[in-house]
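What follows is a short report on a single structure.
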Amino acid sequence: MTSRNASLAGIAMMLLGILLFSLNDVMGKWLVATYTVGQVLVMRSLAALVVIMPFVFKQGVRRTLRPEHPGLQALRVLFGSGEVALFYLAVSYLPLADTMTIWLAAPVWVVILAALLLGERVDGRRWLAVALGFVGVAVALNPSGASLSMPALIALLGSFLFAAMMIAGRQLRGTPDVTLVTWQTLGALLMGLALLPFGWVTPSLKDAALLGLLGIVAMTAHICVTRSLKLAEASVVVPYQYTLIVWALVFGWFIFGDWPTPAMLCGAALIVAAGLALLILERRAAPAPSPLEATGVGAP
Numbered sequence: 024m025t026s027r028n029a030s031l032a033g034i035a036m037m038l039l040g041i042l043l044f045s046l047n048d049v050m051g052k053w054l055v056a057t058y059t060v061g062q063v064l065v066m067r068s069l070a071a072l073v074v075i076m077p078f079v080f081k082q083g084v085r086r087t088l089r090p091e092h093p094g095l096q097a098l099r100v101l102f103g104s105g106e107v108a109l110f111y112l113a114v115s116y117l118p119l120a121d122t123m124t125i126w127l128a129a130p131v132w133v134v135i136l137a138a139l140l141l142g143e144r145v146d147g148r149r150w151l152a153v154a155l156g157f158v159g160v161a162v163a164l165n166p167s168g169a170s171l172s173m174p175a176l177i178a179l180l181g182s183f184l185f186a187a188m189m190i191a192g193r194q195l196r197g198t199p200d201v202t203l204v205t206w207q208t209l210g211a212l213l214m215g216l217a218l219l220p221f222g223w224v225t226p227s228l229k230d231a232a233l234l235g236l237l238g239i240v241a242m243t244a245h246i247c248v249t250r251s252l253k254l255a256e257a258s259v260v261v262p263y264q265y266t267l268i269v270w271a272l273v274f275g276w277f278i279f280g281d282w283p284t285p286a287m288l289c290g291a292a293l294i295v296a297a298g299l300a301l302l303i304l305e306r307r308a309a310p311a312p313s314p315l316e317a318t319g320v321g322a323p
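The opening residue of the sequence shown carries number 24 in our numbering; numbering runs sequentially from there.
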């Protein structure tokens, strides 16, 4: 495959992956209106494990279940499980576009955490982009109005945990994708089991199928994004992650009748601008950043 064809294929895979993530978010918001977060996590994770098991057997069960750096793996699983649970909790109260706007602040958190925890040097231009991102978050949250609510703060905490998960991922560059996804899925399953005592609604056969499909869609989305980052440079494909905002607006309006406020739209524009600025600066600093060093991709 030529470089141009590989880049085009990578872009196509990223666009497909983001569309699937958007469908995953819509299905999640629809289901948490009836079922508890614990139920959604358990059935989503069980379905995802069914999908990934052939890859686990191909790689080797022993190798998958005994990864290197178990302490760091446990931290990543903890961050990832908490982030997914907070996403479903937030989206059960907030419009889909609002939740996704706040979640896209994760690349801004990554820069700050990388500087504080990993000792990475951050120049003035990056700090300006970080400041722009936080202005966007502040505008989107509208702290002087009624929109600064507990669900909005939950979404902000979730975006922080998502960034912390990516920072942990930077330290696990040598770990196979199958291992990372398997442990992340197991962590979400355990989180769901821990939350099950807080409520249970027996699903209909149709809804049980939807809960299972939720996990399959999420797993397929992860596979598409991972493949995208292997086909083309992150600097080429990552900007297409911001189509997530477009899908969130379309699905939020068409399915749930939600339409974001002008403040949310303005905040989203600033957050996207900050993320793209950070990506451009990263590209200039390093011609081919690794997938795990790219800005955050996708939704929970």
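Even for Gly, the Cβ is constructed at its ideal location relative to N, Cα and C.
What you are looking at is a predicted structure, and each value in this text was computed from that prediction instead of being measured.
Could you please give the first and the last residue of the uninterrupted alpha helix (DSSP H) stretch that includes residue 249?
-> Here residue 249 is taken as the residue at index 226 of the sequence shown, counted from 1. Its alpha helix (DSSP H) spans residues 228–254.
Contacting residues, own chain, Cβ-Cβ under 6 Å from residue 58 (five flanking each side not counted) | Numbered from 1 along the sequence shown, position 35 holds the residue referred to as residue 58. The residues are 224.
Return the CA-CA distance between residue 262 and residue 33, expressed in angstroms with no decimal places.
-> Translated into the one-based positions of the sequence shown, residue 262 becomes position 239. Translated into the one-based positions of the sequence shown, residue 33 becomes position 10. Each residue's alpha carbon lies about 12 Å from the other.
Would you kindly check if the distance between the Cβ of residue 63 and the Cβ of residue 69 is under 7 Å?
-> The sequence position of residue 69 within the sequence shown is 46, counting from 1. The sequence position of residue 63 within the sequence shown is 40, counting from 1. No.
May I have the straight-line CA-CA distance separating residue 201 from residue 93, to the nearest angstrom?
-> Here residue 201 refers to the residue found at position 178 when the sequence shown is read from its first residue. Here residue 93 refers to the residue found at position 70 when the sequence shown is read from its first residue. Their Cα atoms are separated by approximately 15 Å.
Residue 214: which of 50, 111, 91 and 27 sits nearest, CA to CA?
-> Position 191 of the sequence shown, counted from the start, is the residue given in the question as residue 214. Here the closest residue by C-alpha is 111.
Quick one: any contact between the stretch 78–93 and the stretch 138–146, if contact means 3 or more CB pairs under 8 Å?
-> No, they do not touch.
Starting from residue 80, follow the alpha helix (DSSP H) in both directions and report where the run begins and ends.
-> As a working mapping, residue 80 is identified with position 57 in the sequence shown. It spans 60–82 - the alpha helix (DSSP H) in which residue 80 sits, taken as one unbroken run.
Span separating the alpha-carbon of residue 28 from that of residue 247 = Counting from one through the sequence shown, the residue named residue 28 turns up at place 5. Counting from one through the sequence shown, the residue named residue 247 turns up at place 224. Computed Cα separation, rounded: 16 Å.
Between the beta-carbon of residue 164 and the beta-carbon of residue 175, is there less than 7 Å?
-> Residue numbering aside, residue 164 sits at position 141 when the sequence shown is read from its first letter. Residue numbering aside, residue 175 sits at position 152 when the sequence shown is read from its first letter. Between residue 164 and residue 175, the CB-CB gap stays under 7 Å.
Please confirm if the stretch 33–42 is in contact with the stretch 98–114, defined as three or more CB-CB distances below 8 Å between the two stretches.
-> Output reads no: the stretch 98–114 does not touch the stretch 33–42.
Quick one: what's got a C-beta closer than 6 Å to residue 52's C-beta in the same chain, skipping five residues either side?
-> Position 29 of the sequence shown, counted from the start, is the residue given in the question as residue 52. Answer for residue 52: 114 and 119, listed in chain order.
For residue 156 versus residue 294, is the C-beta distance shorter than 7 Å?
-> To locate residue 156, count along the sequence shown from 1; it is residue 133. To locate residue 294, count along the sequence shown from 1; it is residue 271. Their beta carbons are under 7 Å apart, which means residue 156 touches residue 294 by this criterion.
Quick one: residues in its chain with C-beta nearer than 6 Å to the C-beta of residue 182, no 5 flanking neighbours on either side, listed in chain order?
-> Against the sequence shown, residue 182 aligns to sequence position 159. The answer, listed in chain order, is 125, 126, 128 and 129.
Residue 57 by DSSP, collapsed to three states: which one?
-> Stepping through the sequence shown from its first residue, residue 57 is reached at position 34. Residue 57: coil per DSSP, three-state reduction.
What are the boundary residues of the alpha helix (DSSP H) that includes residue 106?
-> Within the sequence shown, residue 106 is the residue found at index 83, counting from 1. Residues 93–114.
Does the distance from the C-beta atom of residue 152 to that of residue 297 stay below 7 Å?
-> Stepping through the sequence shown from its first residue, residue 152 is reached at position 129. Stepping through the sequence shown from its first residue, residue 297 is reached at position 274. Yes, these two residues count as a Cβ contact at 7 Å.
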